[in-house]
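K.L.:
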Amino acid sequence: MIYWQDARFGSFVNIIILLTCFLSYGTWNFNKMVNSELHSLLLNTSQEKKVLTAVDIAKLPPVVKKWFERSNIIGKEIVRTVILKQKGKMKTKLDGHWMPVDAKQYFTVEKPSFIWVADVKVAPFVHLIGRDKYQDGKGNMLIKLLSLFPVANARGKETDQGSLLRYIAEIVWFPSAALSNYITWQEIDSITAKATMSYGGITASGIFKFNADGDVISFEAQRYYNRKAGPTLETWVITIDETSYREFEGVRIPTRSTVTWKLKEGDFTWYELEITKVEYNRITD
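Start counting at 1 in the sequence shown, then tack on 89, and there's your number in this note's numbering.
Below, the structure written as structure tokens:
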């Protein structure tokens with residue numbers, strides 16, 4: 090004889106099994122999408138190997154040349170692709186709580202692009218999966234709850250501009266990309282240089298600041314910030330921990346930084362990250 094409490098327990102177990110299968114499918118489907126995008130991203134990546142020489146950087150502003158020298162990239166192979174891992178924490182609003190993040194990011198340089206995939210732990214058993222993509226001059230930020238339920242799917246000119254600026258800012262992790270023909274440099278003073286990137290019909294600029302040794306210590310730009318009433322141009326700042334520089338495959342890069350929006354409501358530091366692994370010129374994960 091089956092008692093009601095046994096029936097209820099059996100139903101509960103079945104619900105748990107069904108929910109687990111449902112969530113597993115969501116994760117599988119999301120990963121399938123990302124893998125397809127990665128294949129497209131890396132499909133036509135050049136395999137031509139070139140070594141960076143002092144002649145290549147001769148026309149750069151002195152402060153940018155000093156950065157190249159400090160990064161140990163002269164005499165090394167020019168970077169074509171990058172795979173890196175990050176860990177950190179983020180929050181989605183000014184007074185929000187910090188949430189742990191694990192992320193992986195892929196870059197190509199000849200045709201500037203990236204895919205950033207992040208797993209954000211919102212609460213026990215609750216997570217957000219984010220995929221930020223920049224390809225062919227177009228940006229797209231997709232966020233899903235539990236890998237299933239769309240929370241955001243941003244695209245358009247403002248997103249394109251923001252993705253382009255993100256790409257410029259993040260070349261600190263693969264400095265040889267600063268020589269790309271879609272980026273131009275203008276010296277402002279002995280510790281500051283302006284980088285302008287034009288690609289896919291979008292042009293945007295940002296300011297790199299360096300310390301006396303030639304290390305990048307910050308990047309600042311005017312970037313679109315999403316609001317309910319519509320995006321607004323705001324000051325976007327990446328601050329680098331000067332003590333965090335270390336070498337990956339012989340290239341010296343910063344590993345810890347914070348990302349802040351300078352808003353009228355107050356400074357909104359929404360992401361603190363640390364680079365834990367970097368691999369250059371690999372086209373397979």
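Beta carbons: idealized from backbone N, C-alpha and C, even for Gly.
For residue 186, does the three-state DSSP call read helix, strand or coil?
P.N.:
Here residue 186 sits in coil by DSSP.
K.L.:
So who's on the other strand from residue 238, going by DSSP bridges?
P.N.:
234
K.L.:
Among the residues of its own chain, which have a CB less than 6 Å from the CB of residue 310, if the five just before and after it don't count?
P.N.:
254, 295, 325
K.L.:
May I ask which residues mark the beginning and end of the alpha helix (DSSP H) holding residue 341?
P.N.:
Premise fails: residue 341 lies in the beta strand (DSSP E), 340-342, not in any alpha helix (DSSP H).
K.L.:
Enumerate in chain order the residues of its own chain whose CB-to-CB distance from residue 299 is below 8 Å, with the five nearest sequence positions on each side excluded.
P.N.:
152, 155, 156, 280, 281, 282, 305, 306
K.L.:
Report the CB separation of residue 344 from residue 358 in whole angstroms; it is logged as a contact under 8 Å.
P.N.:
Their Cβ separation, rounded to whole angstroms, is 18 Å, which puts residue 344 and residue 358 out of contact at 8 Å.
K.L.:
What is the rounded straight-line gap between the Cα of residue 206 and the Cα of residue 194?
P.N.:
The alpha-carbon atoms of residue 206 and residue 194 are separated by roughly 6 Å.
K.L.:
Check for me: the beta strand (DSSP E) holding residue 140 runs from which residue to which?
P.N.:
Counting along the chain, residue 140 falls outside any beta strand (DSSP E), and DSSP gives it neither H nor E.
K.L.:
Specify, as a first and last residue, the run of the alpha helix (DSSP H) that residue 251 falls within.
P.N.:
From DSSP, the alpha helix (DSSP H) with residue 251 extends over 246-259.
K.L.:
Less than 6 Å between C-beta atoms, sequence neighbours within five positions excluded: which residues of the same chain meet that for residue 349?
P.N.:
326, 356, 358
K.L.:
Check the DSSP bridge columns for residue 229 and list the partner residues they point to.
P.N.:
222
K.L.:
Would you mind giving the Cβ-Cβ distance between residue 342 and residue 160, rounded to the nearest angstrom? I have them listed as a contact below 8 Å.
P.N.:
7 Å
K.L.:
Residue 117: buried (16+ other C-beta within 10 angstroms of its C-beta) or exposed?
P.N.:
Around the CB of residue 117, fewer than 16 other CB atoms lie within 10 Å, so the residue is classed as exposed.
K.L.:
Please state whether DSSP places residue 287 in a helix, a strand or coil.
P.N.:
strand
K.L.:
Using the Cα positions of residue 290 and residue 201, report the straight-line distance between them to the nearest angstrom.
P.N.:
Taking the Cα positions, residue 290 is about 13 Å away from residue 201.
K.L.:
Would you kindly work out how many angstroms separate the C-alpha atoms of residue 372 and residue 209, rounded to a whole number?
P.N.:
Roughly 26 Å between the two C-alpha positions.
K.L.:
Let me make sure I understand the geometry here. Which of 353, 244, 334 has the alpha-carbon closest to that of residue 262?
P.N.:
334
K.L.:
For the beta strand (DSSP E) containing residue 262, name the first residue and the last one.
P.N.:
Here residue 262 belongs to no beta strand (DSSP E), and DSSP marks it neither H nor E.
K.L.:
Is the beta carbon of residue 365 closer than 7 Å to that of residue 178?
P.N.:
The Cβ atoms of residue 178 and residue 365 lie no closer than 7 Å to each other.
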